[in-house]
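Chains as they are written, first to last, in my numbering: chain A, 4 to 119; chain B, 30 to 141. Backbone N, C-alpha and C define an ideal beta-carbon position, used for all residues, glycine too. Predicted, not measured: the structure shown is a model, and the values here were computed from it. Worksheet: one structure, shown below.
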Amino acid sequence: EAGVAQSPRYKIIEKRQSVAFWCNPISGHATLYWYQQILGQGPKLLIQFQNNGVVDDSQLPKDRFSAERLKGVDSTLKIQPAKLEDSAVYLCASSFPQGASDYEQYFGPGTRLTVT
Amino acid sequence: DAKTTQPTSMDCAEGRAANLPCNHSTISGNEYVYWYRQIHSQGPQYIIHGLKNNETNEMASLIITEDRKSSTLILPHATLRDTAVYYCIVRPISGGSYIPTFGRGTSLIVHP
């Protein structure tokens, strides 16, 4: 089974530039998550999709971050304009509820963003 | 805020058991305990989860106290490849709004 794919793996941009990240979840997984992980900290959820609808985006800085999952499969996360504090690893994860109770998240390798 | 507390770091000798504790004293009856680990430069990886009973799979064992306020992840024979950050999180069984919350986890170093 193919895992969660993300690209690019690394990105270096200057502050005030724009950047976009792409995620392809595991086939059939309805739920998709974007996390931000700053060095030395645990992943922080930015946005959660169920199919192509947003379940939660309360921690997404909406003045500069946006995300979409138009066809309920692939997703893109955009930052415009970037700030120095956006330097982090951006992780995408997906999950498929296996029943009414438990499910696990499968994470991609992440995109390491450096803003200079 | 994370609903769990874990030691910042631990170390273990290769071949010995690694016992990683997690405190989740405010856990409710409809919440699972999940464990993930994150090896350097990779995304987190699911290890195991449980509700009330102890659980075991090919990766680890999970021991949950009777009052469910704490748990221990056991790697029975740690190897150098088990060096990683281990996260303990709680999440509801179903329904409602749930924001997966990872704390800083425990950095486990397995040494030769």
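Three-state secondary structure assigned by DSSP to residue i
i, result
"B/ARG110", "helix"
"A/LEU87", "helix"
"A/LEU73", "coil"
"A/TYR36", "strand"
"A/ASN27", "strand"
"B/PRO121", "strand"
"A/SER97", "strand"
"A/SER21", "coil"
"B/PHE131", "coil"
Per DSSP, cross-strand counterpart(s) of residue i
i, result
"B/ASN52", "B/THR34 and B/SER99"
"B/HIS140", "B/ALA42"
"A/ALA5", "In DSSP, A/ALA5 forms no bridge with anything."
"B/HIS78", "B/TYR63"
"A/TYR106", "Answer is none; A/TYR106 lacks a bridge partner."
"A/THR117", "A/ILE15"
"A/ASP60", "Note: A/ASP60 sits in no beta bridge, so no partner."
"A/PHE68", "A/ILE82"
"B/ALA89", "Bridge partners of B/ALA89: none, in fact."
"A/LEU48", "A/TYR38"
"B/GLN71", "None, per the DSSP bridge assignment."
"B/SER57", "According to DSSP, which records beta bridges pairwise, B/SER57 is partnered with nothing at all."
Outcome for residue i when other beta-carbon atoms lying within 10 angstroms are tallied against a minimum of 16
i, result
"A/SER97", "buried"
"A/ASP89", "buried"
"B/VAL139", "buried"
"A/GLY56", "exposed"
"A/GLY45", "buried"
Whole-number beta carbon distance between residue j and residue i, since they are thought to touch under 8 Å
i, j, result
"A/GLN9", "A/PRO112", "6 Å"
"B/GLN71", "B/THR135", "Wrong, their Cβ atoms sit about 17 Å apart, outside the cutoff."
"B/TYR116", "B/PRO73", "7 Å"
Does the segment 57-64 of chain B come within contact of the segment 72-85 of chain B, defined as at least 3 CB pairs closer than 8 Å?
yes
Taking three-plus beta-carbon pairs below 8 Å as touching, is the segment 91-106 of chain B in contact with the segment 13-33 of chain A?
no
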